[in-house]
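Using UniProt numbering, you'd call the opening residue of the sequence shown number 1 and step up by one each time. For every residue, glycine included, the Cβ atom is placed at its ideal position computed from N, Cα and C. One structure below.
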Amino acid sequence: MIEVGCKYRFFGQDAETAARVLGIYAHMNHNFLTASIPTVRLHVHVRRLVSAGYKVGVVKQTETASIKAHGLNRGGPFCRGLSVLYTKATLEAAQDLGGGEDECGSVSNYLLCVVEKSILGERKSKSGVEGGFDVIIGIVGVEISTGDVVYGEFDDNFLRSELEAVVVSLSPAELLLGDPLSKQTEKLLLAFAGPSSNARVERASRDCLTDGGALAEVMTLYENMCVDSPSDSMQGNELTEHKSQQMEVKEAMNLPDLVVEALALTIRHLNGFGFERILCSSAGFPPQNNNVLIVTTSSNQVYAFDVEARQLGEWSVRNTFVLPKRFHEFPGEVIGLSFPPSARVESQRSCFVQTTTTPSPIPFW
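Given below as structure tokens:
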């Protein structure tokens with residue numbers, strides 16, 4: 001959308017898309033299909049376009065009428081430039097965008113980058129059971145509005161069950177696919193990004209990350225942070241910041257190879273939005289030992305839990321506890337344990353019982 005006076009205008013195919021999503025009128029003007037929205041409603045319409053899965057760029061006027069009248073460009077058009085980009089993962093972190101409609105918000109705004117490497121033969125899993133693993137998958141997930149980062153590298157089988165558990169748990173708003181990906185991995189990710197989740201999908205090539213290019217990309221980010229750090233601060237603060245940056249560099253160098261590649265692609269992607277520095281804070285990029293992936297429960301899992309409860313009886317419901325696992329061990333299966341009754345387990349059980357026994361106008365099928 002381009003700022004023209006007191007309006008933002010769409011042209012061509014963008015005007016057709018805006019008319020369909022925003023419900024505004026598009027018309028021909030000087031052989032161009034055009035549509036417009038008022039400037040004061042920018043935050044509302046941007047959120048609606050982003051919620052529909054589009055990447056929105058806002059082109060603003062870089063000079064006012066008074067500056068133009070006294071400048072060298074007094075006889076030409078107004079100077080304009082791309083001011084900001086918005087996607088589903090970066091919308092909530094944008095400070096220049098006011099509040100919008102509540103229904104356009106999302107519970108999770110994770111940007112999830114996925115890369116993989118093919119392996120031959122069978123490998124033994126960490127539990128010692130042989131499994132037919134055919135790929136190694138590395139992921140980096142960033143919640144840009146809060147600065148939370150999750151990452152990991154793991155073996156996966158033909159069904160991509162481990163990757164599915166991660167994607168369902170994080171429910172990312174945006175997927176960054178590091179090409180090339182196998183057909184099975186791409187099929188799973190594109191199926192998740194369907195109409196149900198409406199997650200945005202973007203691709204990035206990994207050709208430039210070979211021969212140490214990924215680690216060099218990550219190191220360049222930290223080097224730029226050292227150069228741009230303020231030099232007029234106190235000596236104690238400088239020393240603390242320098243030590244913190246050294247620790248972050250060591251942590252990045254100790255990451256698995258595929259995680260480094262995913263991190264490099266994430267940095268390149270966020271660089272276009274100006275959010276790449278969020279990965280440089282020690283709070284936003286914690287050590288891998290402290291990362292815990294919380295298992296969320298979808299409607300299908302609730303339905304499966306209800307079926308299992310009817311088959312096995314209420315005792316199984318009362319004595320089943322879902323145990324979250326460490327991130328680097330990825331919860332591929334739900335672990336059922338006979339757990340002593342407690343207030344927390346009892347409250348969780350009552351929620352499940354109430355959900356499965358209360359009549360719902362929407363049938364499970």
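In the structure shown, Ala35 falls within a strand segment according to DSSP collapsed to helix, strand and coil. Rounded to whole angstroms, the separation of the alpha carbons of Gly194 and Ser118 is 26 Å. Just measuring C-alpha positions, the residue of Lys55, Gly75, Arg9, Leu175 sitting nearest Tyr25 is Arg9. By the Cβ test, the region 174-183 is in contact with the region 197-205, since at least three Cβ pairs between them sit closer than 8 Å. Proximity to Ser197 across Val167, Gly76, Arg20 peaks at Val167, based on C-alpha coordinates. For Asp14, the uninterrupted alpha helix (DSSP H) segment begins and ends at 13-22. Relative to Val59, the option among Val4, Ile139, Leu188, Pro180 whose CA is nearest is Val4. Burial check for Glu63: the Cβ neighbour count within 10 Å stays below 16, so the residue is exposed. With 16 or more neighbouring CB atoms inside 10 Å of its own CB, Val115 falls in the buried class. Look at Leu82 here: in three-state DSSP terms it is strand.
Note that the C-beta distance between Leu188 and Leu163 is below 8 Å. The Cβ atoms of Gly57 and Leu22 do not sit closer than 8 Å to each other.
In the DSSP secondary-structure assignment, Phe158 is not bridged to any residue. Note on the region 163-237: whole beta strand (DSSP E) runs with a minimum of 3 residues are 174-179, 200-205, in chain order. DSSP places Glu63 in the coil class of the three-state scheme, outside both helix and strand.
Secondary-structure assignment with DSSP links Leu258 through no beta bridge to anything.
Taking all protein chains shown into account, Cys113 has 16 or more neighbouring C-beta atoms within 10 Å of its C-beta and is therefore buried. Put simply, the backbone Cα of Ala89 is about 15 Å away from that of Leu279. Counting every other CB atom within 10 Å of its CB across the protein chains shown gives Ala199 a total of 16 or more, marking it as buried. In summary, Pro172 is buried, with 16 or more beta-carbon neighbours lying within 10 Å of its beta-carbon over all protein chains present.
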